[in-house]
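Just so we're aligned: the sequence shown equals residues 86 to 488 in this note's numbering.
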Amino acid sequence: MSILSGKKILLGITAGIAAYKTANLVRLFIKSGAEVQVIMTPASKDFITPLTLSTLSKNPVHSTFYEKEEENELWNNHVDLGLWADYMLIAPATANTLSKMTNGICDNLLIATYLSAKCPVYFAPAMDLDMYIHPSTVTSLEKLQAFGNTLIPATKGELASGLVGEGRLAEPKDIVSFMENDILSSMPLHGKKVLITAGPTYESIDPVRFIGNHSSGKMGFEIAKAAANLGAKVFLVTGPSNEEVIQASIQRIDVVSAEEMYTACHHYFPEVTIAILSAAVADYRPKKAAAEKIKKKESSLAIVLEPTKDILASLGVIKKEQFLVGFALETNNELVNATTKLKQKNLDAIVLNSLNDKGAGFSLNTNKVTFIDKEERTIPFEMKSKSDVAIDIMNEILKKLDA
Ligand code: CTP
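Structure representation (structure tokens):
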């Protein structure tokens, strides 16, 4: 899945012959799962029609400060458009538009929106080769980059004038991958790997029965999503769970028992930067699982249990540079118990989950946690959705990695 999936892209089109390529550009953005709105300068409509772009983007195209609909005049709010966008791209960007962007000459909706936009702005110039190397254009390109905008350079090739040189609009597929790579490389966990455990474990009693718990896996799956959204490659080792993974950067490893989870975690742990163990691992398992279904015979049945391996503690023993985070589910003496676990298992942080808090628990969508670091600093969070709790946890970890 593309990093652009679910993102809002504002495409500004200016009056160059390469504007005809923006039909394909819009298609590629939509295909990548992005939402697209288009702003055109009035003159760009001579090169491609708004109808083509509104059909492909599935949104009305904007080009003037207001639109006449019968007797009504509708204001196109450039501030709203600028705030709506996660990313703005101006392609093709003509010499005229580049110069206006540089000098704040705000005589059309596109420039007004550009000046209002708070999101990252990309611009892909396209013009004839002599225009491209003219000091005026070179100055515009430099100034816009100094403003923090990102240049998607023009390429070399045959130009509309028949001349051959630098000035061609980068191909739409290259513009999309340029933006994807740029966004990915600016993410704080880009190039890093994260191990996460989630869900319950099932410990077999016989071929049809097991000892398990009510963990849904939701919290761990949300943490996996939050880590992937920060650019990490995630190994999500999960016990049986109905939760689903959609991001391509999350590799799901399904396990059933604590023993299988232990093996999978030890396999991935050496290569990760961060490990977050949120699974509700069974502490005990039947000493011997019956080979055949246990028949109902006696009035009572005793199952002898033995401890499972403590995965978190075992990683604490072998840990080198990894930032290791555990979870503590407590019902009493919460802070003391959680801090004791943090020390005993050689962790860098622990997330305390108190079952006493209403709205915090296994199959709910909300949770209330306290983040405790190695220095025993406690950061309590409000009751939040599990996806927001996951973002809080990842942010605390990022702060620690930066420190
Ligand atoms: N954990 C683990 N392997 C186990 C048991 C627990 O990796 N066999 C991890 C959990 O994923 C969690 C942390 O240890 O991150 C704490 O789990 P918890 O059940 O709260 O604590 P325990 O250490 O098992 O202690 P107790 O049950 O006595 O509170």
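Idealized CB from N, CA, C, for every residue including glycine.
Nearest candidate by alpha-carbon position, reference residue i, set the options
{"i": "Gly316", "options": "Leu166, Pro273, Val474 and Lys378", "result": "Pro273"}
{"i": "Tyr217", "options": "Ile403, Asn181 and Ala197", "result": "Asn181"}
{"i": "Ala365", "options": "Ile338, Glu406, Lys380 and Phe412", "result": "Phe412"}
{"i": "Ile476", "options": "Ala311, Ile98 and Tyr172", "result": "Ala311"}
{"i": "Leu200", "options": "Met212, Lys404, Pro220 and Gly167", "result": "Gly167"}
{"i": "Gly401", "options": "Asn431, Val436, His299 and Lys372", "result": "Asn431"}
{"i": "Leu229", "options": "Ala178, Gln122, Thr282 and Ser363", "result": "Ala178"}
{"i": "Pro205", "options": "Phe232, Val454, Ile190 and Gly189", "result": "Phe232"}
Rounded straight-line distance, which links the Cα of residue j to that of residue i
{"i": "Lys471", "j": "Lys303", "result": "7 Å"}
{"i": "Ser87", "j": "Glu265", "result": "7 Å"}
{"i": "Ala202", "j": "Phe114", "result": "19 Å"}
{"i": "His352", "j": "Gly91", "result": "33 Å"}
{"i": "Asp165", "j": "Met346", "result": "48 Å"}
{"i": "Lys318", "j": "Ile290", "result": "35 Å"}
{"i": "Glu460", "j": "Ala375", "result": "46 Å"}
{"i": "Asn298", "j": "Thr137", "result": "55 Å"}
{"i": "Tyr151", "j": "Asn452", "result": "46 Å"}
Beta-bridge pairing of residue i - partner residues as DSSP gives them
{"i": "Ala283", "result": "Thr323"}
{"i": "Glu265", "result": "Answer by DSSP bridge pairing: none, since Glu265 is not bridged."}
{"i": "Glu147", "result": "Checking the displayed sequence, the identity of residue 147 turns out to be His instead of Glu. Paired residue(s): Ile124."}
{"i": "Lys469", "result": "Asn452"}
{"i": "Phe295", "result": "Ser289"}
{"i": "Gln336", "result": "Phe320"}
Near the ligand CTP: residue i beta-carbon under 7 Å from a heavy atom
{"i": "Gly424", "result": "Rather than Gly, the amino acid found at residue 424 in this sequence is Thr. The answer is no for Thr424."}
{"i": "Ser289", "result": "no"}
{"i": "Asp395", "result": "yes"}
{"i": "Phe412", "result": "yes"}
{"i": "Leu362", "result": "yes"}
{"i": "Thr282", "result": "yes"}
{"i": "Asp267", "result": "no"}
{"i": "Ala343", "result": "yes"}
{"i": "Asp442", "result": "no"}
{"i": "Val366", "result": "yes"}
Beta-carbon proximity of residue i to residue j, cut-off 8 Å
{"i": "Ile133", "j": "Ala108", "result": "yes"}
{"i": "Gly97", "j": "Met212", "result": "no"}
{"i": "Ala434", "j": "Phe466", "result": "no"}
{"i": "Leu194", "j": "Asn144", "result": "no"}
{"i": "Leu414", "j": "Leu440", "result": "yes"}
{"i": "Tyr369", "j": "Thr348", "result": "no"}
{"i": "Leu362", "j": "Ile338", "result": "no"}
{"i": "Leu254", "j": "Lys116", "result": "no"}
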